[in-house]
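Asks: In the numbering used here, the protein residues as written are 150 to 349.
A virtual CB, placed ideally from N, CA and C, is assigned to each residue, including glycine.
1. First and last residue of the alpha helix (DSSP H) that includes residue 267?
2. State the CB to CB distance for the pair residue 328 and residue 188, rounded to an integer number of angstroms; the pair is presumed to be in contact (CB under 8 Å).
3. Counting along the chain, where does the alpha helix (DSSP H) carrying residue 170 start and finish?
4. Can you tell me where the alpha helix (DSSP H) with residue 305 in it begins and where it stops?
5. Would you mind stating whether residue 271 and residue 181 have Cβ atoms separated by less than 9 Å?
6. Looking at residue 348 and residue 262, is the spacing between their C-beta atoms short of 9 Å?
7. Pop quiz: residue 307 and residue 165 are said to be a contact at Cβ under 8 Å. What is the actual Cβ separation, rounded to whole angstroms?
8. Please state if the CB of residue 154 and the CB of residue 295 are separated by a distance shorter than 9 Å.
9. Quick one: what's got a C-beta closer than 7 Å to residue 315's C-beta in the same chain, skipping five residues either side?
10. Can you round the beta-carbon distance between residue 275 and residue 205 to whole angstroms, since I take them to be within the 8 Å contact cut?
11. Exposed or buried, what is residue 278 when buried is set at 16 or more other beta-carbons lying within 10 Å of its beta-carbon?
12. Report the rounded CA-to-CA distance for residue 330 versus residue 152, giving the unit in angstroms.
13. Would you call the CB atoms of residue 157 and residue 232 closer than 9 Å?
14. With a Cβ-Cβ cutoff of 9 Å, do residue 292 and residue 286 count as a contact?
15. Should residue 317 go down as buried or exposed, given a rule of 16 or more other Cβ atoms within 10 Å for buried?
16. Who are the near neighbours of residue 150 in its chain, counting only those whose CB is closer than 6 Å to its CB and skipping five residues on each side?
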């Protein structure tokens, strides 16, 4: 059982610290809304991954190439939408602004949508985690459960750590905050272009 717990935790750590559109979105939200409003987004994979896992397991170890291309296009459109929203926040940046009361819940579900449209979880669960889960569950149900537990506990803690880390950047001054937010706008847009390129 420990083998699958460690495998799940290791893969989650690698996925969480790897730069990508989801991580960029978390940084953008942290810089614009603050860590308290963004922290619920660390639980987004718990919401978005359930259908991904079910579909990945149904097709066993790989997702058809056509579906991956559709995900690239859908992810690109959503990333452009997020980039535009971050740009509006950058233009109207106010360091003394108090975030809206509902921002935490909105951030959680928007982050879940970002993760769902990101091809990386689909590919990860179809090519790596899905086969491991099936292998472990066939040996003993507890092994499959250990893999899932190790993966998501590590993922949530790593994403929460990422949010906390970038929260300290807010204390460096409004100019640094706005510049970092502007970089996030560009990064989201670049990821959108990259997703389009992968789709084509």
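Replies: On the basis of the coordinates in this document:
1. Residue 267: not part of any alpha helix (DSSP H); DSSP gives it neither H nor E.
2. At roughly 23 Å, the Cβ-Cβ gap does not stay under 8 Å, so residue 328 and residue 188 are not in contact.
3. According to the DSSP assignment, residue 170 belongs to the alpha helix (DSSP H) that extends over 170-182.
4. Per DSSP, residue 305 is one residue of the alpha helix (DSSP H) stretching across 290-316.
5. no
6. no
7. 3 Å
8. Annotated as proximal: residue 295 and residue 154, with beta-carbon spacing under 9 Å.
9. 176, 179 and 180
10. 4 Å
11. buried
12. 40 Å
13. Going by beta carbons, residue 157 and residue 232 fall outside the 9 Å limit.
14. yes
15. exposed
16. Contacts found: 291, 292 and 295.
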